[in-house]
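Enquirer: Residues 125 to 448 (our numbering) are what the sequence shown spells out, left to right.
Sharing a structure here in structure tokens format.
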Amino acid sequence: MIGLRMLIVTHSGKFHADDAWAVAVLNVLFPDADIIRTRDQAVIDTADFAVDVGGVYDPAAGRFDHHQKGFDVARQSGVPYASAGLVWREYGARCVSALALAHTGHALADDKAREIAYGIDADVVQYLDLSDVGAAKSAPGGYGLSAVVSGFNTNWLDEDRLGYGAAAEEYRLSQFRRAMALLTDVMVNAVRYRVGALLALAQVRQAQVLEDGKLLFLKNAALPWTQVVRKEMPKVLFVISYSIGEQRHVLHTVPVSAESFDARADLPAAWAGLRDAELAAVTGVPDAGFCHNGRFIATAKSYEGIRAMAALALEDVATNMQGK
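Structure (structure tokens):
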């Protein structure tokens, strides 16, 4: 340790998203810790946490490397662990709890923190690990998260400019901290979204149901509703929400799955791509705003206007069903 401060060590040289994520997690929990990038075993041995370096995996001792011969730790799904996943498995729930309290003001029960941490592993962390071990890219092209983080590394122009002394190492550490900051933002956003979704459950479940259960009205368009409606409200074909920020009402279709734009029912074909006067002429709703060409969202200024459009959409569904 340096003085009485905690010490987090990771390897020097080129960094990757997995070590940057892992150190970022520890930095959330231990913000006063010193961070050193080195391959000097004597320094590694003094660290409270050694991440992606040192050749040892021992969570109780703060050792989170995965490069050593014989390492075969993997998720139940078979996805192998790299340092991001190893640290997240050990500290993810604590990190989620800390970020939730700091950024939403809500203290999570332990089981909810673990549930959110598992979801973030499935959505983000496992792909950082897969990319690091060479099993898969996190996204096509050069803009998956792992590739974006890699772009913070020095290139040959930086090497020519900085050389290989203390100034170069300081610059590399500053770039590593920039990557950590980016990944911390990713964590914060992921936690905020999931905490918001958790807190929204009761409001969505208690929302007003109209049109014999086929229409749901939400007073706040920012409420995440799709998962609840898909899983628990099989009769709902359309959802009306009010956008406080935009001062308008929105008519949504209900997607059949999280991976698809296919809906339980589409908005009328005659509305597709129309806006303002053209949409008003077709619908008879004076304050109609627009309908997306994909027919999954439409707007009107007033509640009365959007209710009229919802009624027309339901009539269109019924007509189409009769014609089959």
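Note that beta-carbon positions come from the ideal geometry of N, C-alpha and C, so glycine has one too.
Only a predicted model underlies this, so the values are computations on that prediction, with no experimental measurement involved.
Can you list, in chain order, the residues of its chain whose CB lies under 7 Å from that of Ser-367, leaving out five sequence neighbours each side?
Expert: Hits under 7 Å: Ala-345 and Val-374.
Enquirer: Do Arg-372 and Gly-320 have their beta-carbon atoms positioned less than 8 Å apart in this structure?
Expert: No, the Cβ-Cβ distance between Gly-320 and Arg-372 is not below 8 Å.
Enquirer: May I ask which residues mark the beginning and end of the beta strand (DSSP E) holding Gly-413?
Expert: Note, Gly-413: beta strand (DSSP E), 412-415.
Enquirer: Between which residues of its own chain and Ile-126 is the CB-CB distance below 7 Å, once the five residues before and five after are set aside?
Expert: Caution is warranted here: a pLDDT of 46 is assigned to Ile-126, below 50, making its placement in the model unreliable, and the coordinate value is therefore given only provisionally. Taken in chain order, the residues that qualify are Asp-158.
Enquirer: Quick one: grab the DSSP three-state call for Asp-183.
Expert: Rather than Asp, the amino acid found at residue 183 in this sequence is Pro. In this structure, Pro-183 counts as helix in the three-state DSSP scheme.
Enquirer: For the beta strand (DSSP E) holding Arg-372, just list the boundary residues, first then last.
Expert: Where Arg-372 is concerned, the enclosing beta strand (DSSP E) stretches over 372-377.
Enquirer: Can you give the Cα-Cα distance for Ala-198 and Leu-269, rounded to whole angstroms?
Expert: For Ala-198 and Leu-269, the distance between alpha carbons rounds to 21 Å.
Enquirer: Buried or exposed for Ala-141, please, with buried defined as at least 16 other CB atoms from any protein chain shown within 10 angstroms of its CB.
Expert: Ala-141 comes out buried.
Enquirer: Buried or exposed for Ile-168, please, with buried defined as at least 16 other CB atoms from any protein chain shown within 10 angstroms of its CB.
Expert: Counting Cβ neighbours within 10 Å, Ile-168 comes out buried, since at least 16 surround it.
Enquirer: State whether the stretch 377-386 contacts the stretch 350-367, with contact taken as three or more CB pairs (one from each stretch) at a distance under 8 Å.
Expert: Touching, yes, given that three or more Cβ pairs across the two stretches are closer than 8 Å.
Enquirer: I need the DSSP call for Asp-158, collapsed to helix, strand or coil.
Expert: DSSP places Asp-158 in strand when its eight states are reduced to three.
Enquirer: Does DSSP put Ile-421 in a helix, in a strand, or in coil?
Expert: If DSSP states are grouped into helix, strand and coil, Ile-421 belongs with the strands.
Enquirer: In its own chain, which residues sit with a C-beta less than 6 Å from the C-beta of His-416, not counting the 5 before and 5 after it?
Expert: No residues qualify anywhere along the chain.
Enquirer: Below 8 Å on the Cβ atoms is my contact criterion, and I expect Val-310 with Val-248 to pass it. Report the Cβ-Cβ distance as a whole number of Å.
Expert: That pair is a contact at about 7 Å.
Enquirer: By alpha-carbon positions, which one of Asp-143, Thr-134 and Lys-138 ends up nearest to Leu-307?
Expert: Cα-wise, what sits closest to Leu-307 is Asp-143.
Enquirer: Taking the alpha carbon of Ser-255 as the point to measure from, which residue in Val-175, Phe-139, Ala-422 and Met-445 has its own alpha carbon closest?
Expert: Closest by alpha carbon: Phe-139.
Enquirer: With DSSP as the reference, label Ile-364 as helix, strand or coil.
Expert: Ile-364 falls in the strand class under three-state DSSP.
Enquirer: By how many angstroms is the C-alpha of Ala-442 removed from the C-alpha of His-227?
Expert: Rounded to the nearest angstrom, the two C-alpha atoms are 45 Å apart.
Enquirer: Given a threshold of 16 other Cβ atoms within 10 Å of its Cβ, counted over all protein chains shown, does Pro-392 qualify as buried or as exposed?
Expert: When all chains shown are included, Pro-392 counts as buried.
Enquirer: Drop a sphere of 10 angstroms on the beta-carbon of His-230, count the other beta-carbons inside from all chains shown, and report buried for 16 or more, exposed for fewer.
Expert: Its Cβ having fewer than 16 others within 10 Å, His-230 is exposed.
Enquirer: Can you tell me which of the three DSSP states Val-315 falls into?
Expert: Note: Val-315 maps to helix in three-state DSSP.
Enquirer: Could you tell me if Met-445 is buried or exposed, where buried requires 16 or more neighbouring beta carbons within 10 angstroms of its beta carbon?
Expert: Under this definition Met-445 is an exposed residue.
Enquirer: The beta strand (DSSP E) that contains Thr-134, what's its start and end?
Expert: Its beta strand (DSSP E) spans residues 131-134.
Enquirer: Which runs of the alpha helix (DSSP H) spanning at least 4 residues fall entirely within the stretch 173-253, listed in chain order?
Expert: Listed in chain order, the complete alpha helix (DSSP H) runs (minimum 4 residues) inside the stretch 173-253 are 207-228 and 234-244.
Enquirer: Of the residues Glu-294, Lys-338, Asp-411 and Ala-389, which one's Cα is nearest the Cα of Arg-399?
Expert: For the residues Glu-294, Lys-338, Asp-411 and Ala-389, the minimum Cα distance to Arg-399 belongs to Asp-411.
Enquirer: With a 10 Å radius around its C-beta and 16 neighbouring C-beta atoms as the bar for buried, classify Val-164 as buried or exposed.
Expert: Position check: residue 164 holds Asp in this sequence, whereas Val was assumed. Looking at its Cβ environment, which holds fewer than 16 other Cβ atoms inside 10 Å, Asp-164 is exposed.
Enquirer: Below 7 Å CB to CB, which residues in the same chain sit around Ala-292 once its five sequence neighbours on both sides are set aside?
Expert: Closer than 7 Å at Cβ, skipping near neighbours: Leu-286.
Enquirer: When we look at the beta-carbon of Ala-437 and count the other beta-carbons within 10 Å, is it buried (16 or more) or exposed?
Expert: With 16 or more Cβ atoms within 10 Å of its Cβ, Ala-437 is classed as buried.
Enquirer: Just to confirm the assignment, what range does the beta strand (DSSP E) spanning Leu-340 have?
Expert: Unbroken beta strand (DSSP E) run through Leu-340: 339-342.
Enquirer: So what's Arg-285 in DSSP terms, helix, strand or just coil?
Expert: In the structure shown, Arg-285 sits in a helix (DSSP, three-state: H, G or I).
Enquirer: From this set, Gln-327, Gly-186 and Ala-206, which residue's C-alpha is nearest Gln-192's C-alpha?
Expert: With distances taken between Cα atoms, Gln-192 lies closest to Ala-206.
Enquirer: Grouping DSSP H, G and I as helix and E and B as strand, with all else coil, what is Ala-387?
Expert: It is a strand residue.
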